[in-house]
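Engineer: Quick note on the working numbering: the sequence shown kicks off at 247 and runs consecutively.
Every residue, glycine too, gets a C-beta built ideally from N, C-alpha and C.
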Amino acid sequence: MSLFIRGGTVINADGSERADVYIEGGLIKAVGQDLDVPSDAEVIDAHGQYVMPGGIDPHTHMQLPFMGTVATEDFFTGTAAALAGGTTMIIDFVIPNPQQPLMEAYQIWRGWAEKACSDYSFHVAVTWWDDSVNVDMGRLVRDEGVNSFKHFMAYKGAIMADDEILYNSFTRALELGAMATVHAENGEMVFQLQQKLLATGMTGPEAHPLSRPPAAEGEAANRAIRLAEIIGVPLYIVHVSTKDALDEIIRARGNGQRVFGEALAGHLLIDDSVYRHPDFETAAAYVMSPPFRSKEHQTALWKGLQSGSLQTTATDHCCFCADQKAAGRDDFTLIPNGTAGVEDRLSILWTHGVGTGKLTREEFVAVTSANTAKIFNIYPRKGVIRAGADADIVVWDPAASKTISAKTHKQNIDFNIFEGMTVTGLASHTISGGKLRYKEGELMVEKGSGSYVKRPAFQPMFNALEKIAVANKPTPVKR
Ligand code: DUC
Ligand code: ZN
Ligand code: ZN
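1. Spatial neighbours of Ile594 within its chain, please: CB distance less than 7 angstroms, with the 5 preceding and 5 following residues excluded, ordered by chain position.
2. Which residue's Cα is closest to the Cα of Phe661: Gln570, Lys604 and Met247?
3. Distance check for Ala317 and Ala530, CA to CA, integer angstroms please.
4. Check whether the stretch 434-452 touches the stretch 479-493, counting contact only when three or more Cβ pairs, one atom from each stretch, lie closer than 8 angstroms.
5. Where does the unbroken beta strand (DSSP E) through Ala509 begin, and where does it stop?
6. Could you tell me if Glu692 is buried or exposed, where buried requires 16 or more neighbouring beta carbons within 10 angstroms of its beta carbon?
7. So what does DSSP say about Met349, is it helix, strand or coil?
8. Buried or exposed: where does Asp303 fall if 16 or more other Cβ atoms within 10 Å of its Cβ makes it buried?
9. Considering just the uninterrupted stretch of the beta strand (DSSP E) at Ile471, what are its terminal residues?
10. Quick one: using the 10 Å Cβ neighbour count with 16 as the cut-off for buried, is Val814 buried or exposed?
11. What residue does the alpha helix (DSSP H) around Met435 start on, and which one ends it?
12. Mind the definition here: the stretch 335-343 touches the stretch 604-614 only if three or more C-beta pairs lie below 8 angstroms; say whether that holds.
13. Collect the residues with a C-beta less than 7 angstroms away from any heavy atom of ligand 2 and give them in sequence order along the chain.
14. Could you give the first and the last residue of the continuous alpha helix (DSSP H) run that contains Val387?
15. Within 10 angstroms of the Cβ of Gln295, are there 16 or more other Cβ atoms? Answer buried if so, exposed if not.
16. Let me make sure I understand the geometry here. Which of Arg388, Met313 and Thr373 has the alpha-carbon closest to that of Glu410?
17. Per the DSSP calculation, His293 is bridged to which residue(s)?
18. Using only CA atoms, which one of Val699, Pro702, Ile677 and Ile714 lies nearest to Ile290?
19. Classify Lys685 as helix, strand or coil using the three-state DSSP reduction.
20. Taking the alpha helix (DSSP H) that Ile336 belongs to, which residues open and close that run?
21. Report all residues from its chain with a CB closer than 7 angstroms to the CB of Phe416; omit the five preceding and five following residues, and keep chain order.
22. Which residue or residues does DSSP assign as beta-bridge partners of Gly502?
23. Can Cys564 be considered in contact with ligand 1, in the sense that its beta carbon sits closer than 6 angstroms to one or more heavy atoms?
24. Any heavy atom of ligand 1 inside 6 angstroms of the beta-carbon of Gly584?
25. Could you give the first and the last residue of the continuous alpha helix (DSSP H) run that contains Trp548?
26. By how many angstroms is the C-alpha of Asn718 removed from the C-alpha of Ala259?
27. Pull up the distance between the alpha-carbon of Trp355 and that of Gln705, whole angstroms please.
28. According to the neighbour-count rule (16 or more other Cβ atoms, all chains shown, within 10 Å of its Cβ), is Arg539 buried or exposed?
29. Where does the unbroken beta strand (DSSP E) through His454 begin, and where does it stop?
30. For Ala560 and Lys489, which I take to be in contact (beta-carbon distance under 8 angstroms), what is that distance rounded to the nearest angstrom?
31. Along the chain, where does the alpha helix (DSSP H) containing Ala419 start, and where does it finish?
32. Kindly confirm or deny that the stretch 319-338 and the stretch 374-387 touch, where touching means at least three C-beta pairs closer than 8 angstroms.
33. In whole angstroms, what is the alpha-carbon distance linking Ser615 and Leu443?
34. Using the rule of at least 16 other Cβ atoms within 10 Å of the residue's Cβ for burial, across every protein chain shown, is His307 buried or exposed?
35. What's the C-alpha gap between Pro582 and Val699?
36. Please find out if some non-hydrogen atom of ligand 1 comes closer than 6 angstroms to the beta-carbon of His598.
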């Protein structure tokens, strides 16, 4: 069965045109006017609408086992919710327990993800180090199409990577042509502040942001950037939430370093006053790390996106319901960290980005899809409406409007951090792998229809350490 999207305006990151799109066999076959199309093609009328590459969310945690519980959204429900919002691919995280072989964890996550109904890929976390990790990183890059490795600089005593692990893993990533990525928060500082706050009797969610100050993120971002600079590996910083971290990225990029930054829809919209809500349930529902920040940081993040200092947007979609958050009723450090958003990211970014004039429509495509595809080396298979690309497409109705609510969302969680916000600009149709999967409120998904996307390694870059060694090599003295 083929599809024909007629009468819309195609928006790519590098330009827009009035064009029809013809889809066959899971791929975009043609983009243009007066296309020769089979008479039995199913027609989607896109007059007055935009036809854009489906969103790619580079940061989700479906069914993540974390902090003594498991995230409620699985790979099927999560990718279905994503499709309802116009997102057609996620990059999730394999997070091995310390001492667990990377390949073993990777196979477990691959098994869980088989039920996904959109395409997906994996970053793999390096949470410990020995020779087997070194070997498994090589197998993951060469055989499994993993080109990014994640490091949690926080979560001391659990999955935190210290500087020794960062050094070893960054060095290996460079050798393999892979990207290093970090959750940048100083885990020791967070741990110490948590103990101090608890000792003074501050046990509620209001203590959560106090235990994770902006400077703890700025310090970790700077440390990761400096390590990456010394080693020469490209670095991607997930969920940049502060001006402190952003300033470090701006400095490094200005210096010619390959450093990328991601902003979360939540961090762009929500401020830290949510943690002072009088109801534990409500305040706890917003507990995620890094936490929501004061408004000055939101303003900085928007400017970071507008200026290109931050290149991507994501959600850190990680769903825990009220009964799970209750584990931390008497101790905020036990509240499972995580909030949702995979369904809402595009409409939030459109409303508050394009709708306010902060972003052009093309920039919207860049920060929701194309830049992620480029940074993680799957462009132009993904991230663009072009003949030959995968038919992952959102037809976007800029006039459609709704008020976001947990009562009506498709996400498998009892809370929505954007509750009550009205958004204008919504997916009317979402096409995944050439099939229509969402149409005006109705999902038509199939468990397991999504595919795992391999991401090729990058050209290994010239090692900065070698560069230093070459520069400092003494000239032999002729006698
Ligand atoms: N932060 C969260 O809030 N949840 C999952 C992991 C993370 O880093
Ligand atoms: Zn994180
Ligand atoms: Zn995360």
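Structural biologist: The short version:
1. Here the set comprises Ala511, Leu515, Phe664 and Val669.
2. Gln570
3. 15 angstroms
4. no
5. Val505 to Leu510
6. exposed
7. helix
8. buried
9. Here Ile471 belongs to no beta strand (DSSP E); instead the alpha helix (DSSP H) covers Pro460 to Ile477.
10. Nothing in the structure corresponds to residue 814, since the chain is present only between 247 and 725.
11. Gly433 to Ala445
12. The way I'd put it, the stretch 335-343 doesn't touch the stretch 604-614; fewer than three beta-carbon pairs between them come closer than 8 angstroms.
13. Phe398, His429, Val484, His485, Ser535 and Asp562
14. Asp377 to Glu390
15. When all chains shown are included, Gln295 counts as buried.
16. Comparing Cα-Cα distances from Glu410 to each of Arg388, Met313 and Thr373, the minimum goes to Thr373.
17. Beta-bridge pairing links His293 to no other residue.
18. Ile677
19. strand
20. For Ile336, there is no enclosing alpha helix (DSSP H); the residue is found in the beta strand (DSSP E) stretching over Thr333 to Val340.
21. Ala426, Leu473, Ala474, Ile477 and Val479
22. None, per the DSSP bridge assignment.
23. yes
24. yes
25. Lys541 to Ser553
26. 43 angstroms
27. 27 angstroms
28. buried
29. Taken as a continuous stretch (DSSP letters only), His454 belongs to no beta strand (DSSP E), being part of the alpha helix (DSSP H) at Ala453 to Leu456.
30. Contact doesn't hold; Cβ gap of about 19 angstroms is too wide.
31. Asp409 to Leu422
32. no
33. 40 angstroms
34. buried
35. 29 angstroms
36. no
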